[in-house]
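Going by UniProt numbering, the letters in the sequence shown line up with residues 1 to 316, in that order. Have a look at the structure below before the remarks.
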Amino acid sequence: MQNAASSALVVAGWHRMSYTYEDSNLISQELETHIRKIHAIVGNAVTHKRFIVFGAGSTQLLNAAVHALSPDNSSSPARVVASIPFYPLYEKQTVYFQSADFQFEGDISVWKNSSDTSMKLVEFVTAPNNPDGQMNKAVLKGPNTKPIHDHAYYWPHYTPITAPADGNLMIFTTSKLTGHAGSRFGWAVIKDQSVYQKMKRNIRVWTQHNEEPLGKLSNTISLSNRFTLQQIPPQYCTFSHKVRASSPAFAWVKCGREEDINCYEVLKAAKIIGRAGRIFQGEDEYVRLSLLRSQDDFDLLIHRLSKLVSEENGPK
Ligand code: PMP
């Protein structure tokens, strides 16, 4: 607080608009570079040929990791375990997000000497450990056991750094590196590409990155006998002190021909990619189009839609 001015950050107005970066990445290239750099300076983790996933604190990543390491649609869910004493959030969060794919089991000792190697186990390995500071190592060794290495405290202000950590799935956080816990800034360092893809998919579900103007579109559609748009009646707006039409972020388009069994496919064939009605538990005759796009994208949408409408009565 005494160094508020010299430690201040300037954040550009455009920064972090939209949910994703280039190639729909959830992390900027620059941030990734800095994460690799700090590990190289400290020497506490191998990041070469590893993937990095950013999360809202390591807490979010811990659960994304449990999901990613558990089987999909298996008849037997993965058991989630840890060595006692362990950080209570592992249990709280795993129970809270319980799914058909995993369940919290707790005490690892039951499984340590088990001859049943077919059981799928996910092990939280915390080094240094919260609460006792021990440099825990993975206890389970079987082919179906997957560790999550929580290295929240593997920084030189808590423990000697003896070697770069080299686990398949390692989790770090600024909460313990610099104390910025309220910023919710965590990252995972991942060896395996398929685990990386699953982790990213899980984080995306939380983020719901639906990065998505209606008059022009409605003019185009009004020329059509095939497509219709949702109708939203104008209302008096107490903010602008006038009766106003809505300007929704999405067009909810309906395909009206009998042969238009799947509206999403009809538009896709015209190179217009929407989100199928069924994603929203709606009917297949509906598609949602995003309108919050760059002007170029929107112009292209209008161009392709106009073409589709002009072809309604057969090609000219
Ligand atoms: N892992 C351990 C071992 C912790 O002690 C904590 C915080 N107490 C966390 C993860 C959570 O950190 P974050 O703020 O990044 O969610």
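Think of the CB as a built atom: it goes at the ideal place given N, C-alpha and C, for glycine as much as any other residue. Note that the structure is a prediction, hence the values are computed from the model and not measured.
A152: beta carbon under 7 Å from a heavy atom of the ligand PMP?
Yes.
Bridge partner(s) assigned by DSSP for residue 401:
The displayed coordinates of the chain run from 1 to 316. Any statement about residue 401 would go beyond what the structure contains.
Using a 10 Å radius around the Cβ and a threshold of 16 neighbouring Cβ atoms, would you call T162 buried or exposed?
Under this definition T162 is an exposed residue.
How would you call S70, buried or exposed, if buried means at least 16 neighbouring beta carbons within 10 angstroms?
The residue in question, S70, is buried, as its Cβ has 16 or more Cβ neighbours within 10 Å.
Let me check you understand the geometry: is the CB of T94 closer than 7 Å to at least one non-hydrogen atom of the ligand PMP?
Distances between the C-beta of T94 and the heavy atoms of the ligand PMP are all 7 Å or more.
Express the C-alpha separation of V81 and Q60 in angstroms, rounding to a whole number.
Whole-angstrom Cα-Cα distance: 18 Å.
Counting pairs of Cβ atoms below 8 Å between the stretch 185 to 193 and the stretch 222 to 235, do you hit three or more?
With the cut-off at 8 Å, the stretch 185 to 193 and the stretch 222 to 235 do not touch.
Backbone secondary structure at G186 - three-state DSSP
In the three-state scheme derived from DSSP, where H, G and I count as helix and E and B as strand, G186 is classed as strand.
For N130, verify whether its CB is less than 7 Å away from any heavy atom of the ligand PMP.
At a cut-off of 7 Å, the beta-carbon of N130 counts as near the ligand PMP: some heavy atom of the ligand is closer than that.
Limits of the unbroken beta strand (DSSP E) element including T94:
Per DSSP, T94 lies in no beta strand (DSSP E) segment; the continuous alpha helix (DSSP H) that holds it begins and ends at L89 to Y96.
Which class does R16 belong to by DSSP, given the choice of helix, strand or coil?
If DSSP states are grouped into helix, strand and coil, R16 belongs with coil.
Compute the Euclidean distance between the alpha carbons of Q295 and V110, then round it to the nearest angstrom.
Using only the alpha carbons, I get a separation of about 60 Å.
Would T178 and G142 be called neighbours here (beta carbons separated by less than 8 Å)?
Cβ atoms of T178 and G142: not closer than 8 Å.
Look at the alpha carbon of L308 and the alpha carbon of L214, and state the distance between them as a whole number of angstroms.
Rounded to whole angstroms, L308 and L214 show a C-alpha spacing of 18 Å.
I'd like the span of the alpha helix (DSSP H) that includes V42, first residue to last.
Looking at the DSSP string, the run of the alpha helix (DSSP H) that includes V42 is Q29 to V42.
Based on the DSSP output, what are the partners of V243 in its beta bridges?
DSSP links V243 through a beta bridge to Y236.
H209 versus S114 - alpha carbon distance:
Caution applies to H209, whose pLDDT of 41 falls short of 50 and renders its modelled position unreliable; the model cannot decide the point.
Do T59 and the ligand PMP come close, with the Cβ less than 7 Å from some heavy atom?
Yes - the ligand PMP has a heavy atom lying nearer than 7 Å to the Cβ of T59.
Hey, is G179 close to the ligand PMP, as in C-beta under 7 Å from one of its heavy atoms?
With a threshold of 7 Å, the Cβ atom of G179 does not count as near the ligand PMP, since no heavy atom of the ligand is closer than that.
Residues bridged to C255 by DSSP?
According to DSSP, which records beta bridges pairwise, C255 is partnered with F227.
6 Å CB neighbourhood of V122 in its chain, flanking five on each side removed
If we look at V122 and ignore the five residues flanking it on each side, its Cβ neighbours are V66, L69, A78, V80 and K146.
Restricting to Cα atoms, I'd like to know which of K216, H149 and V42 is closest to I171.
The shortest C-alpha separation from I171 is found at H149.
Helix, strand or coil for D284? Go by DSSP, reduced to three states.
Note: D284 maps to coil in three-state DSSP.
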